[in-house]
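Trainee:
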Amino acid sequence: MINASLKQLSQALATKQISSVELTRLFLDRIARLNPVLNAFVTVDAEKSLNSARTADARIAAGTAGQLTGIPIAQKDIFCAEGWRTTCGSKMLANFVSPYDATVIRKMHGEAGMVSLGKTNMDEFAMGSSNETSFFGPVRNPWDTERVPGGSSGGSATAVAARLAPAATGTDTGGSIRQPAALCSLTGLKPTYGVVSRYGMIAFASSLDQGGPMAASAEDCALLLNTMAGFDERDSTSLERPVEDYARDLDKPLAGLRIGLPREFFGEGCDAGVMAAVRAAIAEYEKLGATAVEVSLPNSHLSVPAYYVIAPAEASSNLSRFDGVRYGYRAEDYGSLDDMYMKSRAQGFGAEVKRRILIGTYVLSHGYYDAYYLQAQRIRRLIADDFVEAFKSCDVIMGPTSPSTAFKLGEKAADPVQMYLSDIYTIAVNLAGLPGMSVPCGFAGGLPVGLQLIGNYFGEAQLLNVAHRYQQATDWHQRRPPGIA
Amino acid sequence: MSLTLEQVQRIAHLARIEISESEARTTQSHLNGIFQLIEQMQAVDTRGVEPMAHAQELSQRLRPDAVTEENRRAAFQAVAPETEAGLYLVPKVIE
């Protein structure tokens, strides 16, 4: 049961091989045993989870269950869940118990009847690529506990990789689903911007943030996206589109598929072992009937600089809500109102979050707006146009998800720029608003490597198809970390 | 471009984040490293390129002007640092 797919779990529950309460206990026991080392969860509430499981069992008995009813899932601690502590990895929200549900949570708990196992650790306010900026300490990678799981959805990645949960939610602003999926050997999907509601998902950079599933396979991700996606009037950027079954094309043959390989993703700057695994994956796709064509994303090298203007600018605005008045941390001692703001924010935010607020404040300030913010938005357009051009000659784009495998804890923590560059292949996708995935495609030096798939707007079903066919032909996604029993 | 210590302190003030002088020095060096990365943008000629604020070209939806939310003041104020009689308390602003 620990390694079962969501489809298998669904069948086991439907045929009464196991109850949701038993299944939930199984995973809660693993969390109790393994989390003290891995630190993947920051909040677990067994009674709350078991209550949901009992409700799910009643629905199964009554014949009103859906496909995912009773299946446990780990929730990134960026999603507000009513009655659950929701911290976003920050001291600022260390005692915040959400009075409402994010739309993603409401859909999972309500209509779908899934069981939340707890809230997963993450980089503070999703700002990081290693999970080391969390107020609750770093998460360890189950493939090598001296290494990072990636970030910002590092807790979710480790939880699924170590089978503390069958699947998890994540969010991706510059690579925060795909990079940890790559570093922990998972399948993760960042949908087209606007497909998954952002209501109740604590905002980092609102024009880039997008929630998505992290799981063992493309098939699992498809079932989860069916639950997560959909129009939401509470999110002003949610897209009004017909409901889709994201699993509908999973088995479609790949004959004739044109894979675009951006010249810029296959040059210098990527570890040789990562590149070898990615090239082997593309060779496998050619065996499945696809053809590779070279494409170019000539402005992709500008994605990291433009992102580190746009994302901090939006963050500085979004995080101004944390002022110690309506919710969150308030300093113990203060004088005036201004002093209360300044001390609460100085003590409540960690170093990386403060850095990004300062960058954002600067680039939006009088006299610098045109040179930085507007210039970044113009470059964002060039980057998005590059993809439009590339998709004229291919159906999907492939390349590495991350330029390296999981790095050691502390290795990049002292140098923000080195850390930022670990998202060099993922950020352009967020700037353009396209869907992207990471799929396990092998190992380098014993550590997992992720293949990135980038689709055209609303190409989720196709991406999942392309990933699923590869997973039918290979078994990388079924490998489990050897040290974790 | 290089930020001075005074500029860092000024930005921190605008962002309402208290910063000590030693923190400001560390921050100055980190921010200057980051701005070196960002400066790569300045070499690009973007004249005539329309700025892109958002991934989807959408206009804001309108909804009927009707009350759709219930009053949940007690629940929302339960998470506030300090309240009294339904009000949020802050230090005195007007003397």
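Protein sequence lines correspond, in order, to chains A and B.
Our numbering runs 9 ahead of the 1-based position in the first sequence.
Our numbering runs 20 ahead of the 1-based position in the second sequence.
From the three backbone atoms N, C-alpha and C, an ideal C-beta is built for every residue, glycine too.
All of these numbers come straight from a predicted model, not from anything done at the bench.
With distances taken from CA atoms, which of A:A289, A:M428, A:V205 is nearest A:E361?
Mentor: Selected option, being the one with the closest Cα: A:M428.
Trainee: Cβ of A:E420 less than 8 Å from any chain B Cβ?
Mentor: So no, A:E420 is outside the interface.
Trainee: Mind pulling the chain A residues with CB within less than 7 Å of B:A35?
Mentor: The contacting residues are S325, I366, L367, T370.
Trainee: With C-beta atoms as the reference, is A:G79 less than 8 Å away from A:V124?
Mentor: Result yes, Cβ atoms of A:G79 and A:V124 sit closer than 8 Å.
Trainee: Would you call the region 211-218 of chain A in contact with the region 191-200 of chain A, where contact means no fewer than 3 C-beta pairs closer than 8 Å?
Mentor: Taking 8 Å as the limit for Cβ pairs, the verdict is that the region 191-200 of chain A does not touch the region 211-218 of chain A.
Trainee: If you measure from the beta carbon of B:V87 to each beta carbon in chain A, is any gap under 8 Å?
Mentor: For B:V87, the answer is no, since every Cβ of chain A falls outside 8 Å of its Cβ.
Trainee: Tell whether a beta-carbon distance below 8 Å holds between A:A292 and B:I39.
Mentor: Their beta carbons are not under 8 Å apart, which means A:A292 does not touch B:I39 by this criterion.
Trainee: At a Cβ threshold of 8 Å, is A:K199 touching chain B?
Mentor: So, not an interface residue.
Trainee: Using Cβ-Cβ distances below 8 Å, what residues of the region 65-84 of chain B are close to chain A?
Mentor: Hits within the stretch, in order: T66, V69, E70, P71, M72, A73, H74, A75, Q76, L78, Q80, R81, R83.
Trainee: Look at the Cβ atom of A:L367, then the Cβ atom of B:T47, and state whether they are nearer than 8 Å.
Mentor: Yes, the pair counts as a contact, with Cβ atoms nearer than the cut-off.
Trainee: Within 8 Å (strictly less), CB to CB, does A:P251 reach chain B?
Mentor: With 8 Å as the cut-off, A:P251 does not count as an interface residue toward chain B.
Trainee: Short of 7 Å in beta carbon distance, which residues of its chain neighbour A:L373, apart from the five on each side in sequence? Order them along the chain.
Mentor: Contacts found: A322, S325, Y382.
Trainee: When you compare only the Cα positions, how much space is there between A:W152 and A:F416?
Mentor: Near 11 Å, if we compare the C-alpha coordinates of A:F416 and A:W152.
Trainee: Let me know the secondary structure DSSP gives A:G435 once reduced to three states.
Mentor: In the sequence under discussion, the amino acid at residue 435 of chain A is Thr, which differs from the Gly named in the question. Reduced to three states, the DSSP call for A:T435 is coil.
Trainee: Who are the neighbours of B:L25 on chain A, taking C-beta pairs under 9 Å?
Mentor: In chain order: nothing, as chain A lies at least about 13 Å away.
Trainee: Run through DSSP, which three-state label would A:K16 get?
Mentor: Three-state DSSP puts A:K16 in a helix.
Trainee: Quick check on DSSP: helix, strand or coil for A:L102?
Mentor: Helix at A:L102.
Trainee: Are the C-beta atoms of B:I114 and some chain A residue less than 8 Å apart?
Mentor: Judged by the 8 Å Cβ criterion, B:I114 is not in contact with chain A.
Trainee: Quick one, are the C-beta atoms of A:G164 and A:M223 less than 8 Å apart?
Mentor: No.
Trainee: Would you tell me roughly how many angstroms separate the C-alpha atoms of A:Y377 and A:Q384, rounded to the nearest one?
Mentor: Approximately 10 Å, taken between the alpha carbons.
Trainee: Listing by chain order, which chain B residues have their CB less than 7 Å from the CB of A:I388?
Mentor: Within 7 Å Cβ-Cβ: M61, V64, T66.
Trainee: Would you mind reading off the limits of the alpha helix (DSSP H) that contains A:E469?
Mentor: Element bounds for A:E469: 469-482.
Trainee: Measure the Cβ-Cβ separation of A:K128 and A:V51 and say whether it is below 8 Å.
Mentor: Cβ atoms of A:K128 and A:V51: closer than 8 Å.
Trainee: Name, in chain order, the residues that DSSP records as bridge partners for B:E104.
Mentor: Looking at the DSSP assignment, B:E104 forms a beta bridge with B:L107.
Trainee: Once you ignore the five residues that flank A:K421 on each side, which residues in its own chain have a CB closer than 6 Å to its CB?
Mentor: Here the set comprises Q427, M428.
Trainee: Give the DSSP-derived three-state secondary structure of A:R339 in the structure shown.
Mentor: Looking at A:R339 - three-state DSSP - the assignment turns out to be coil, as it is neither helix nor strand.
Trainee: Applying a beta-carbon distance threshold of less than 8 Å, which residues of chain A neighbour B:A100?
Mentor: The contacting residues are V334, R335, Y336.
Trainee: With three or more beta-carbon pairs closer than 8 Å as the criterion, would you say the region 37-51 of chain A touches the region 246-259 of chain A?
Mentor: With the cut-off at 8 Å, the region 37-51 of chain A and the region 246-259 of chain A do not touch.
Trainee: Please report the Cβ distance between A:K199 and A:R207, rounded to the nearest whole angstrom; I am assuming they are in contact, meaning their Cβ atoms lie under 8 Å.
Mentor: At roughly 13 Å, the Cβ-Cβ gap does not stay under 8 Å, so A:K199 and A:R207 are not in contact.
Trainee: Can you give me the Cβ contacts of A:R339 inside the same chain, cut-off strictly under 6 Å, excluding the 5 residues immediately before and after it?
Mentor: Closer than 6 Å at the Cβ level, and outside the excluded window around A:R339, lie G333, S353.
Trainee: If we cut at 8 Å on Cβ distances, does A:P307 have a partner in chain B?
Mentor: Not one chain B Cβ lies under 8 Å of A:P307.
Trainee: Which chain A residues are close to B:E38, counting only those with a beta carbon under 7 Å from its beta carbon?
Mentor: Result: M351, K352, A355.
Trainee: How many Å lie between A:R257 and A:I493 at the Cα?
Mentor: Those two C-alpha atoms are separated by around 34 Å.
Trainee: If you scan the region 76-147 of chain A from start to end, which runs of the beta strand (DSSP E) of 3 or more residues do you find wholly inside it?
Mentor: Correct list: 81-85, 124-129.
Trainee: Determine whether the Cβ of B:L51 lies closer than 8 Å to any Cβ atom of chain A.
Mentor: Answer yes: the Cβ-Cβ gap between B:L51 and chain A drops below 8 Å somewhere.
Trainee: Give the residues of chain B in contact with A:A429, contact being defined as C-beta atoms less than 9 Å apart.
Mentor: A small fix is needed here, since residue 429 of chain A is Tyr in this sequence, not Ala. I54, L57, listed in chain order.
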